[in-house]
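Taking it in order: structure first as structure tokens, then the write-up.
Number of protein chains: 2
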Amino acid sequence: MSEQPRVLVCDDEPQILRALRVILRDAGFEAVPASTGGEALDLTAVRPPGAAILDLMLPDMDGVEVTRRIREWSEMPILVLSAVGEEDRKVEALAAGADDYVTKPFGPRELVARLEAALRRAQPETGEPTISVEGLEIDLAGRLVRRDGAEIHLTPTEFELLRVLVRNRGRLMTHRDLLVEVWGIEYEDDLQVLRAHIANLRRKIEPPGEHVFIRTDPGVGYRFAE
Amino acid sequence: MSEQPRVLVCDDEPQILRALRVILRDAGFEAVPASTGGEALDLTAVRPPGAAILDLMLPDMDGVEVTRRIREWSEMPILVLSAVGEEDRKVEALAAGADDYVTKPFGPRELVARLEAALRRAQPETGEPTISVEGLEIDLAGRLVRRDGAEIHLTPTEFELLRVLVRNRGRLMTHRDLLVEVWGIEYEDDLQVLRAHIANLRRKIEPPGEHVFIRTDPGVGYRFAE
DNA sequence: CATCTTCTTGACGCTTTCTTGACGGTCGGG
DNA sequence: CCCGACCGTCAAGAAAGCGTCAAGAAGATG
Numbered sequence: 026m027s028e029q030p031r032v033l034v035c036d037d038e039p040q041i042l043r044a045l046r047v048i049l050r051d052a053g054f055e056a057v058p059a060s061t062g063g064e065a066l067d068l069t070a071v072r073p074p075g076a077a078i079l080d081l082m083l084p085d086m087d088g089v090e091v092t093r094r095i096r097e098w099s100e101m102p103i104l105v106l107s108a109v110g111e112e113d114r115k116v117e118a119l120a121a122g123a124d125d126y127v128t129k130p131f132g133p134r135e136l137v138a139r140l141e142a143a144l145r146r147a148q149p150e151t152g153e154p155t156i157s158v159e160g161l162e163i164d165l166a167g168r169l170v171r172r173d174g175a176e177i178h179l180t181p182t183e184f185e186l187l188r189v190l191v192r193n194r195g196r197l198m199t200h201r202d203l204l205v206e207v208w209g210i211e212y213e214d215d216l217q218v219l220r221a222h223i224a225n226l227r228r229k230i231e232p233p234g235e236h237v238f239i240r241t242d243p244g245v246g247y248r249f250a251e
Numbered sequence: 026m027s028e029q030p031r032v033l034v035c036d037d038e039p040q041i042l043r044a045l046r047v048i049l050r051d052a053g054f055e056a057v058p059a060s061t062g063g064e065a066l067d068l069t070a071v072r073p074p075g076a077a078i079l080d081l082m083l084p085d086m087d088g089v090e091v092t093r094r095i096r097e098w099s100e101m102p103i104l105v106l107s108a109v110g111e112e113d114r115k116v117e118a119l120a121a122g123a124d125d126y127v128t129k130p131f132g133p134r135e136l137v138a139r140l141e142a143a144l145r146r147a148q149p150e151t152g153e154p155t156i157s158v159e160g161l162e163i164d165l166a167g168r169l170v171r172r173d174g175a176e177i178h179l180t181p182t183e184f185e186l187l188r189v190l191v192r193n194r195g196r197l198m199t200h201r202d203l204l205v206e207v208w209g210i211e212y213e214d215d216l217q218v219l220r221a222h223i224a225n226l227r228r229k230i231e232p233p234g235e236h237v238f239i240r241t242d243p244g245v246g247y248r249f250a251e
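If you're matching them up, the sequences are chains A and B in order.
Mapping the first sequence onto the working numbering, position 128 (from 1) lands on 153, and the numbers just tick up by one.
Mapping the second sequence onto the working numbering, position 146 (from 1) lands on 171, and the numbers just tick up by one.
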């Protein structure tokens, strides 16, 4: 996800193919065009793209068949396009292994959103890994925190606060840093609100009566244990 | 599904029906006989077979119609039988969702070969398996949900919502994620519609008054229990 | 055209979360 | 030893968010 993935697009209508290339380029992807199913499979085999967008209607073999062939050896995200009236093939396409299904006409933003969602799903947690310290598991992507296997429920503010601390673990975060990052600049002096949420967060993740994960630096700020 | 699948056979001529039963038994299948379209649908609903073989000519409704009805909720392989002279209905039957089409008279080996091919084709669902949690079975490919063995009817939107949640189970899906994936980007802020469908879905799959499968993260989104 | 299913929308009571102020405890300097 | 600065906790009210109901719209079916 760090660079622009290559995306195979396959449609037999030149006009649509061109539109797809523009949409993808604008969204930061590199489009690899094909106009028949056979061509799509060839290009995919030669140099596998990061994802594929296939039209259901193709001159030689339909998108479901192409999907099935790709799925024989690759888990890449596959989106299937169709005209209205082909809706009943949705289940078929998904059963063949497609990740999502977009009905024409579609807006550029919808297509890009679905493509990115599919890529995100295929690439479990790229940017934000699971962190594990002494019985505490923090899955930043899944927004999930566990202690000794038991799930802990955090409010949005608590989670955000924990995220900022953990992302900078070992480093001291000043009161102001935390307030600005979690609440925004207009809260930069509201120390009491920070204290209250730190207290709530500790009650949920710390062993009772101890402060092993979140350390206090009096007069300065907090830090997450390394 | 690993051993001999049950196969529904529907034909109004008792002679043919008997012949089909023998052919299937010899090939290692269990035949479930029906002589009208209505009967076929009833049997299918009560206990879905692994595949169906339907005659085009039936007293009450024809095989194409039966195919269409079954396709509303199931992806099971469907073979359609016809007498000579009905060839023109081939396209119609396939469009309705039939997997293959056999013209009478047919040899036993031909029929069995086609049935097995259809079953093989329907099988490769490695991507979306059946998921089972505490009495709740969700067959994503077959679009089928059961609780304690009893089938639950979900509307298309409800199923789609459940599918997105289940595919990402354990991970939190934000309101926006769900709205974009189920309804499309133009609904990304329509929180109320999400709430309404979550409520309906819960009423159907959750034990009354509890939220064990679909958890709420107030202010953020929903997640399916892991 | 009548009917049935599904989707959408708004209203309302209820729950969760956030904020705020008060209070007691700790620590170091005077 | 006393005092002030700072911290952690608690409780209460305010604000935001949630679940449900019911009614109407939209679409499919026959």
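Glycine included, C-beta positions come from ideal geometry on N, C-alpha and C.
Among the options, whose alpha-carbon lies nearest the alpha-carbon of residue i?
i	options	result
Ala-142/A	Gln-217/B, Gly-63/B and Leu-204/B	Leu-204/B
Leu-197/A	Thr-241/A, Pro-74/A, Val-32/A and Cys-35/A	Thr-241/A
Ile-177/A	Ala-108/A, Gly-53/A, Leu-161/A and Ala-224/A	Leu-161/A
Asp-87/B	Glu-100/B, Ala-70/B, Ser-107/B and Ser-99/B	Ser-107/B
Leu-104/B	Glu-64/B, Ile-223/B, Arg-72/B and Leu-45/B	Leu-45/B
Asp-67/A	Ile-95/A, Asp-80/A and Ile-48/A	Ile-95/A
Ile-78/B	Arg-139/B, Lys-229/B, Leu-226/B and Arg-188/B	Arg-139/B
Asp-80/B	Pro-73/B, Ala-70/B, Val-47/B and Tyr-126/B	Tyr-126/B
Asp-2/A	Cys-35/A, Asp-215/A, Arg-220/A and Arg-228/A	The structure shown does not extend to residue 2/A, since chain A spans only 26 to 251, so no value can be given for it.
Ser-60/B	Thr-180/B, Arg-43/B and Glu-211/B	Arg-43/B
Pro-73/A	Pro-30/A, Arg-50/A and Arg-220/A	Pro-30/A
Val-13/B	Ala-250/B, Ala-52/B and Pro-243/B	The requested residue 13/B is not part of the displayed model; chain B covers only 26 to 251.
Glu-159/B	Leu-219/B, Arg-172/B and Gly-167/B	Arg-172/B
Arg-248/B	Ile-41/A, Gly-63/A and Gly-167/A	Gly-167/A
Leu-83/A	Thr-69/A, Glu-38/A and Glu-97/A	Glu-38/A
Gly-174/B	Glu-135/B, Tyr-212/B and Ala-70/B	Ala-70/B
Short check: CB of residue i to CB of residue j, under 9 Å?
i	j	result
Pro-102/A	Ala-76/A	yes
Thr-92/B	Ala-56/B	no
Ser-99/B	Leu-165/B	no
Arg-201/A	Ile-156/A	no
Val-32/B	Phe-54/B	yes
Leu-187/A	Leu-226/A	yes
Ile-210/A	Val-191/A	no
Pro-181/B	Ile-48/B	no
Gln-185/B	Val-207/B	Correcting the residue identity first, residue 185/B is Glu in this sequence and not Gln. Yes, they are a contact pair.
Val-237/A	Ala-224/A	no
So what does residue i bridge to, in DSSP terms?
i	result
Pro-58/A	Val-34/A
Glu-162/A	Ser-157/A and Arg-171/A
Val-127/B	Leu-106/B
Ala-143/A	Note: Ala-143/A sits in no beta bridge, so no partner.
Phe-249/A	Ile-239/A
Ile-78/A	Val-34/A and Leu-104/A
Thr-14/B	Outside the displayed range of chain B (26 to 251) lies residue 14/B, so it cannot be described from this structure.
Lys-176/A	First, the residue type needs correcting, since residue 176/A is Glu and not Lys in the sequence shown. BP columns for Glu-176/A point to Arg-171/A.
Determine the chain B residues that contact residue i at a beta-carbon separation under 9 Å, and present them in chain order.
i	result
Arg-168/A	Arg-196, Leu-197, Thr-199, Asp-242, Val-245, Gly-246 and Arg-248
Given that residue i touches chain B, what residues does it touch there, using C-beta distances under 8 Å?
i	result
Ala-44/A	Result: empty, since nearest Cβ-Cβ is about 17 Å, beyond 8 Å.
Ala-253/A	No answer is possible for residue 253/A: it lies beyond the span of chain A, which begins at 26 and ends at 251.
Selection of the stretch 202-235 of chain B by Cβ proximity to chain A, strictly under 9 Å: Those would be Asp-202, Val-205, Glu-206, Gly-209, Ile-210, Glu-211 and Glu-213, in chain order.
Contact set between the stretch 180-198 of chain A and chain B, restricted to residues whose Cβ is under 7 Å from the partner: Residues of the stretch 180-198 of chain A whose Cβ lies closer than 7 Å to any Cβ of chain B, in chain order: Pro-181.
Cβ-based contacts, 7 Å cut-off: residues of the stretch 48-61 of chain A near chain B: Identification of residues in the stretch 48-61 of chain A having a C-beta nearer than 7 Å to some C-beta of chain B yields an empty set.
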